[in-house]
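Enquirer: The structure's right below; bear with me while I get my questions together.
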Amino acid sequence: MKSHQSTQTMKPATAAKKLGVYLPAAPAEFQEGVVTRAELDELQANPPEWLRELRRTGPHPRPVVAAKLGVSIAGLARGGITEALTTEQIETLKEERPEWLEKERATQAEVRKEAARIKEKKNAERAPSS
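Position in the sequence shown (from 1) plus 3 gives the number in my numbering.
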(Lines of atoms letter the chains of each structure in order from A and count residues from 1; the text may use other names and numbers.)
(Lines give C-alpha, C1' and ligand atoms only; values in the text may rest on other atoms or scores of the structure.)
Protein backbone atom coordinates (compact mmCIF):
# COMPACT_ATOMS: atom_id res chain seq x y z
CA MET A 1 0.00 0.00 0.00
CA LYS A 2 2.95 2.34 -0.44
CA SER A 3 2.66 5.28 -2.76
CA HIS A 4 5.03 8.03 -3.73
CA GLN A 5 2.79 10.75 -2.35
CA SER A 6 2.73 11.26 1.39
CA THR A 7 -0.28 9.71 3.05
CA GLN A 8 -1.85 10.92 6.25
CA THR A 9 -1.28 8.46 9.08
CA MET A 10 -2.36 8.30 12.69
CA LYS A 11 -1.31 6.47 15.80
CA PRO A 12 -3.28 3.35 16.71
CA ALA A 13 -4.71 5.14 19.77
CA THR A 14 -6.19 7.85 17.55
CA ALA A 15 -7.61 5.30 15.12
CA ALA A 16 -9.10 3.27 18.00
CA LYS A 17 -10.74 6.41 19.37
CA LYS A 18 -12.24 7.21 15.96
CA LEU A 19 -13.48 3.62 15.67
CA GLY A 20 -14.91 3.69 19.20
CA VAL A 21 -12.93 0.68 20.44
CA TYR A 22 -10.67 -0.01 23.41
CA LEU A 23 -7.11 -0.14 22.03
CA PRO A 24 -5.69 -2.80 24.43
CA ALA A 25 -8.41 -5.20 23.23
CA ALA A 26 -7.52 -4.72 19.54
CA PRO A 27 -5.25 -7.19 17.73
CA ALA A 28 -1.49 -6.69 18.18
CA GLU A 29 -0.95 -5.78 14.51
CA PHE A 30 -3.45 -2.92 14.90
CA GLN A 31 -1.90 -1.74 18.19
CA GLU A 32 1.67 -1.76 16.88
CA GLY A 33 1.29 -0.21 13.44
CA VAL A 34 0.19 3.10 12.04
CA VAL A 35 -3.14 3.57 10.33
CA THR A 36 -3.59 5.57 7.15
CA ARG A 37 -6.70 7.61 6.47
CA ALA A 38 -7.61 5.12 3.69
CA GLU A 39 -7.22 2.17 6.08
CA LEU A 40 -9.40 3.90 8.68
CA ASP A 41 -12.06 4.59 6.06
CA GLU A 42 -11.93 0.93 5.00
CA LEU A 43 -12.24 -0.24 8.63
CA GLN A 44 -15.28 1.99 9.08
CA ALA A 45 -16.90 0.94 5.82
CA ASN A 46 -16.12 -2.80 6.03
CA PRO A 47 -15.23 -3.67 9.62
CA PRO A 48 -13.34 -6.97 9.98
CA GLU A 49 -14.67 -9.59 12.40
CA TRP A 50 -12.39 -8.49 15.27
CA LEU A 51 -13.76 -4.93 15.02
CA ARG A 52 -17.39 -6.07 14.81
CA GLU A 53 -16.84 -8.32 17.84
CA LEU A 54 -15.18 -5.55 19.88
CA ARG A 55 -18.04 -3.18 19.09
CA ARG A 56 -20.59 -5.85 19.97
CA THR A 57 -19.13 -7.26 23.21
CA GLY A 58 -16.35 -4.91 24.29
CA PRO A 59 -14.47 -4.12 26.33
CA HIS A 60 -15.57 -0.59 25.47
CA PRO A 61 -13.62 2.64 26.11
CA ARG A 62 -15.02 5.03 28.71
CA PRO A 63 -16.70 7.41 26.22
CA VAL A 64 -18.66 4.46 24.79
CA VAL A 65 -19.48 3.14 28.28
CA ALA A 66 -20.70 6.59 29.32
CA ALA A 67 -22.89 6.90 26.21
CA LYS A 68 -24.38 3.43 26.69
CA LEU A 69 -25.21 4.23 30.32
CA GLY A 70 -26.51 7.73 29.54
CA VAL A 71 -24.02 9.54 31.76
CA SER A 72 -20.95 11.72 31.35
CA ILE A 73 -17.38 10.45 31.55
CA ALA A 74 -16.99 12.47 34.77
CA GLY A 75 -20.14 10.77 36.05
CA LEU A 76 -18.54 7.39 35.41
CA ALA A 77 -15.53 8.43 37.45
CA ARG A 78 -17.75 9.69 40.28
CA GLY A 79 -19.45 6.28 40.19
CA GLY A 80 -16.08 4.55 40.55
CA ILE A 81 -15.94 3.28 36.94
CA THR A 82 -12.42 3.97 35.68
CA GLU A 83 -11.80 0.94 33.46
CA ALA A 84 -13.23 -0.29 30.19
CA LEU A 85 -16.38 -2.40 30.55
CA THR A 86 -17.82 -5.20 28.45
CA THR A 87 -21.33 -5.04 27.03
CA GLU A 88 -22.36 -7.66 29.61
CA GLN A 89 -21.04 -5.51 32.48
CA ILE A 90 -22.85 -2.46 31.10
CA GLU A 91 -26.12 -4.42 30.84
CA THR A 92 -25.68 -5.65 34.42
CA LEU A 93 -25.26 -2.06 35.64
CA LYS A 94 -28.41 -1.03 33.73
CA GLU A 95 -30.36 -3.86 35.36
CA GLU A 96 -29.00 -3.26 38.88
CA ARG A 97 -29.52 0.51 38.60
CA PRO A 98 -27.10 1.50 41.38
CA GLU A 99 -27.83 4.78 43.13
CA TRP A 100 -24.83 6.55 41.56
CA LEU A 101 -26.06 5.62 38.06
CA GLU A 102 -29.57 6.96 38.67
CA LYS A 103 -28.12 10.18 40.10
CA GLU A 104 -25.72 10.64 37.17
CA ARG A 105 -28.47 9.93 34.62
CA ALA A 106 -30.64 12.60 36.28
CA THR A 107 -27.72 15.04 36.22
CA GLN A 108 -27.08 14.28 32.55
CA ALA A 109 -30.78 14.80 31.73
CA GLU A 110 -30.67 18.21 33.44
CA VAL A 111 -27.52 19.16 31.52
CA ARG A 112 -29.18 18.21 28.21
CA LYS A 113 -32.36 20.09 29.12
CA GLU A 114 -30.38 23.22 29.99
CA ALA A 115 -28.32 22.97 26.78
CA ALA A 116 -31.54 22.70 24.74
CA ARG A 117 -33.03 25.70 26.58
CA ILE A 118 -29.94 27.81 25.86
CA LYS A 119 -29.92 26.78 22.21
CA GLU A 120 -33.61 27.61 21.87
CA LYS A 121 -33.06 31.02 23.49
CA LYS A 122 -30.15 31.80 21.14
CA ASN A 123 -32.21 30.76 18.11
CA ALA A 124 -35.10 32.97 19.28
CA GLU A 125 -32.73 35.93 19.70
CA ARG A 126 -31.40 35.44 16.15
CA ALA A 127 -34.84 35.23 14.57
CA PRO A 128 -35.91 38.51 12.98
CA SER A 129 -38.72 40.18 14.88
CA SER A 130 -41.76 41.25 12.87
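Don't be surprised by glycine CBs; every beta carbon is placed ideally from N, CA and C.
Compute the Euclidean distance between the alpha carbons of GLY73 and ARG58, then round it to the nearest angstrom.
Expert: Between GLY73 and ARG58, the C-alpha separation is close to 17 Å.
Enquirer: Which residues bound the alpha helix (DSSP H) around VAL67?
Expert: Start and end: 65-72.
Enquirer: Excluding five sequence neighbours on each side, which residues of the same chain lie with their C-beta closer than 7 Å to the C-beta of VAL38?
Expert: For VAL38, where only same-chain residues beyond five positions count, the Cβ hits under 7 Å are THR12, MET13, PRO15, ALA18.
Enquirer: For ARG65 and LYS116, what's the separation of their Cα atoms in angstroms?
Expert: Each residue's Cα considered, the two are about 23 Å apart.
Enquirer: Rounded to whole angstroms, what's the CA-CA distance from GLU135 to ILE93? Just pull it up for me.
Expert: A question about residue 135 goes unanswered here, because the residues of the chain that appear run from 4 up to 133.
Enquirer: For TYR25 versus GLY61, is the C-beta distance shorter than 8 Å?
Expert: Closer than 8 Å, so yes.
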